[in-house]
Amino acid sequence: MSTYQLGIDIGGTFTDAVFTDDGGRRWVFKVPTTPADPGVGFVDAVDAAREVAPLTTDNLVHLVHATTVATNAIIEGKTARVGLVVTEGFRDLLEIGRQIRPDLFDLLRQKPKPLVPRDLVIEVRERLGPTGEVLTPVDTRSVARAADLLREAKVSGVVVCLLHSYVEPRHERAVGSQLRELLPGLEVSLSSEVWPEFREYFRASTCIVNMAIQPVVRAYLESVQARLRERALSSDFYVMQSSGGGMTAEAAKNLPVQLIESGPAAGLIATSELARRMDWPRVVSLDIGGTTAKVGLVLDGRPTLSYEYEVGAMAAPGGGRSKASGYPIRTPVLDLVEIGAGGGSMAWIDSGGALRVGPASAGADPGPACYARGGTVPTVTDANLVLGRIDPQSFLGGAMKLDLDAAHLAIEQHCAAPLGLSVVEAAAGIIDVANASMARALRLITVQRGHDPRDFVLVAYGGAGPLHANALAADLGFSRVVIPPDPGVLSAAGLLLADVTHIESNTHLVPCDTVTHPDLVERLRTLADRVLRRLADQGKSAEQVALSYSLDMRFHGQSYELNIAVPNLDDPHAVAAARDAFISAHEQAYGHAARDEEIELVNWKVSGVAPGFRHAQAATIDGQMVDGPVAPVRSREVSDRHGTAVISTFDRLSLTPSVVVWGPAVISEMGATSFVHDGYHASQDSRGGNLYIEKD
């Protein structure tokens, strides 16, 4: 009996699915996303797979899902009514936040409204010192008063975030236990259990985001599970974490904050796997979907993690997410720069008469004007269609016909006429503006971090990535553009490559020179035990888990840290090795290192990785080579501001390694179109079916 694996990624415009069997065969699907109820798009993808094979609980052995439900709950304000219990004197914790602004010179910019209003922030009398010593015991009467206020406010959950609980959690546990007794049935979350690191504002914000989106995410996952049961399928499945690993749906119900960047993480995991297989040491990923463009770094086959992220932050059209414009979280997230420039990003004229693109998107409903679903504002997709880069008859393999006249009319009314341009000139301008925004994001991830784009391979995917990659590579000087097989669904393919992961962290601020090797081993192995327990709850035995260790380190007096790996915990010189590695990392990141200054160990981290179904997915990101004669499918007109030319259009499935496609040319496939510019050529390799675009 054949067994099957299914990855489903819900995007802003389309829900993508990759369906494979144990024989290496693969099917891909794109169905419209259903914003009103994303679960409908999910089961539509499942039903598309069921038309290929008679799926049952026994033969569908692996189902992985990426969803934007967690992020959308914050953006759309559909969060739960949550209370916050803090140490006496810290009621204004959320109101004060931190002393930075998204735009230093914008005096009218408002801070994001706290997810917990001030009247739901309740103080209790207690106090711990910075080393965990008890300065004021927990006053149970103040906890009882807090319970009364929370009961009257009819909150659905409460977060307890007390000062220095990352060092000593007993006060939080005592307060939490009393609240559970006094408020039976109420969800109580302790910050020392969700993310026990210092900086109380960030710890509180992380825990509040988790609690605020928990009812929405839990209801969504339970509705998906119910729909799977209706189809006689197992309701057990994995959900992609922001860190690039999977977790069970049951675990995700309790830690939904881990799902914030679920979909984009999957694409970067697929890119990392491709980089390892092809032995590319330096790769930049370019994922352009319907709403945003996301770029990330892969060095030596590994994506980088970030512990600084803001959910609900504004995705600026040119500069990445705007700092201090969202709610900070400190759970691990794959390091991505995201901007509001995708295929569905809308073009508009600002008050100064300049053409702008994004960050607002037409999304899936109504979508671009050419979708003929009621949209009237021009988008990047409409511009590409008007310029002839997209075939209106073969979009999504012919499953969806595009309305060229509607796209033409939208650009004419909203852009060309106001600017006194022809429709083609306006469409070309829309593409140029969108490309400029994407180029700035690429510079943020490379040049501004000390990397030369000329040393990198640019891997482009998403529905719009292959259309824009050649122009961006020419602008920044990338040595090669690679379009992987089925680029429109690469993120869904990445879901099937993800391992099951969990990360634990704890703050223990101590001078590096005072830490002995036994101290290091004891503290990190305590965290490792927590990791193993979490993964055991997800069905992974200790023998299946590979543990890795790291330390956040800084010079004394600094405000931020660098994460340094501890490759061999048994090495008696591990502390000294970490010190040397930190100095080297500091020099690389900042160009200098004060070698004689005191170095501090700040956060101690342990990551556990248990294998998913990667061993059964050898063909997940590989293409299928087709033998036979190759010829252009058709010729068509492609325009830009310099004029119109007739170029050849190729079917990617008909390409063989011996064929070179000289630009300008269009290479079409289901879910994406690659545009090869004049002065460039494209060829397909025999190893994995990757399409290379290089300068002549």
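Residue numbers (our numbering): 62 to 757.
The beta-carbon is built from N, C-alpha and C at its ideal position, and this holds for glycine as well.
Three or more beta-carbon pairs drawn from the stretch 321 to 339 and the stretch 393 to 403 are found closer than 8 Å, and the two stretches are therefore classed as touching. With fewer than 16 other CB atoms across the displayed protein chains lying within 10 angstroms of its CB, Ser645 is exposed. Here Ser63 is exposed. Its C-beta has fewer than 16 other C-beta atoms within 10 Å. CA-CA distance, Phe711 to Asp547, rounds to 15 Å. For Asn664, the uninterrupted beta strand (DSSP E) segment begins and ends at 660 to 671. With respect to the C-alpha of Leu121, the residue from Val278, Leu585, Leu294 having the closest C-alpha is Leu294.
Under the three-state reduction of DSSP output, Leu154 falls in the helix class. Straight through space, the alpha carbons of Pro672 and Phe517 are spaced by roughly 29 Å. For the pair Ile506 and Tyr65, the Cα-to-Cα distance works out to about 37 Å. Note that the stretch 551 to 563 touches the stretch 584 to 604; at least 3 beta-carbon pairs, one per stretch, sit closer than 8 Å. Per the DSSP secondary-structure output, Met272 pairs with nothing in a beta bridge.
Here Gly351 is buried. Its C-beta has 16 or more other C-beta atoms within 10 Å. Around Gln454, the same chain offers Lys462 as residues with beta carbons nearer than 7 Å, after the five sequence neighbours per side are excluded.
Your pair Pro175 and Ser386 does not check out as a contact, with CB atoms roughly 14 Å apart and the cut at 8 Å. For the pair Tyr370 and Ala114, the Cα-to-Cα distance works out to about 40 Å. DSSP, reduced to helix, strand and coil, places His634 outside both helices and strands of the structure shown, so it counts as coil. Counted as a single uninterrupted DSSP element, the stretch harbouring Ser346 is not any alpha helix (DSSP H) but the beta strand (DSSP E) occupying residues 343 to 349. Residue pairing by DSSP puts Gly357 in a beta bridge opposite Ser346, Leu397. If the five residues before and after Thr267 are omitted, its C-beta is found closer than 8 Å to the C-beta atoms of Ser252, Val255, Trp256, Val318, Pro389, Ile390, Arg391, Thr392, all from its own chain and listed in chain order. Listed in chain order, the non-local C-beta contacts of Pro198 below 8 Å within the same chain comprise Glu187, local neighbours out to five positions each way being set aside.
Restricted to the stretch 474 to 503, not a single alpha helix (DSSP H) segment is unbroken, complete and at least 4 residues in length. In the three-state reduction of the DSSP assignment, His126 falls in the strand class. Annotated as distal: Cys573 and Leu446, with beta-carbon spacing of 7 Å or more. Annotation: Asn751 is outside any beta strand (DSSP E) and is labelled neither H nor E by DSSP. Your pair Leu145 and Leu168 does not check out as a contact, with CB atoms roughly 29 Å apart and the cut at 8 Å. A contact is defined here as three or more CB-CB pairs under 8 Å, and the stretch 97 to 116 fails this definition with respect to the stretch 301 to 314. Secondary structure of Arg87 (DSSP, three-state): strand. Around the beta carbon of Tyr621, a 10 Å sphere encloses fewer than 16 other beta carbons of the protein chains shown; the residue is thus reported as exposed. Counting along the chain, the unbroken alpha helix (DSSP H) around Pro99 starts and ends at 99 to 111.
As a beta-bridge residue in DSSP terms, Glu371 pairs with Pro389. Within 10 angstroms of the beta-carbon of Tyr368 lie 16 or more other beta-carbons, which makes it buried. Secondary structure of Pro230 (DSSP, three-state): coil. Residue environment: Gln649 is assigned as exposed (fewer than 16 neighbouring CB atoms within 10 Å of its CB, all protein chains considered).
Contact check for Val670 against Leu588 fails: the beta carbons are separated by 7 Å or more. Lys91 is classed as buried because its beta carbon has at least 16 other beta carbons within 10 Å across all chains shown. Annotated three-state conformation of Met461 is coil, per DSSP.
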